[in-house]
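FYI, in our numbering the residues of the sequence shown are 53 to 164. C-beta: ideal position from N, C-alpha, C; glycine also. Below: one structure, written as structure tokens.
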Amino acid sequence: MIDAILAKIFGTKNEREVKALLPVVSAINELEPSIQALSDAELAAKTQEFKQRIEQGASLDDLLIEAFAVCREAGRRILNMRHFDVQLMGGIVLHRGKIAEMKTGEGKTLVA
């Protein structure tokens, strides 16, 4: 009974997790126009740029937003499939070492 009341007030654990991911997904979405404007060569060069930044001490979390934006654009160009926000969330959850449960049709293949 108390758990149900608390869930109504604060949301379920999953709802809180999703809410915490929204600013990250929003930041990825904000980069989309600038990443789309890159040539194929510039987009491919981002991988080397990321490697250099990691060698210089950047963490994977430091690169996450830009890397996911680049991944989304590469998927759009190569596979003709754009990652939806829910797929980005699934990828972020996996990056953080957690398990992401997704419904049928939500695009688990692109998440992986």
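- Item | Three-state secondary structure assigned by DSSP to Asn81 | Correct three-state label for Asn81: helix.
- Would a C-beta distance cut-off of 8 Å place Gln139 and Gly109 closer than the cut-off? Cβ distance not < 8 Å, so Gln139 and Gly109 don't count as in contact.
- Assuming Val77 and Asp137 make a contact with CB atoms under 8 Å, what is their CB distance in whole Å? Taking the Cβ atoms as the reference, Val77 lies roughly 5 Å from Asp137, within the contact range of under 8 Å.
- Query: Cβ of Ile80 within 8 Å of Cβ of Ala126?
  - Reply: It is not a contact, given that the beta carbons lie outside the stated cut-off.
- For the candidate residues Asn132, Leu131, Arg105, whose alpha-carbon lies nearest to that of Ala119? Ala119 has its Cα closest to that of Arg105, out of Asn132, Leu131, Arg105.
- Query: Is Glu158 helix, strand or coil when you go by DSSP?
  - Reply: Look at Glu158 here: in three-state DSSP terms it is coil, with no helix or strand label.
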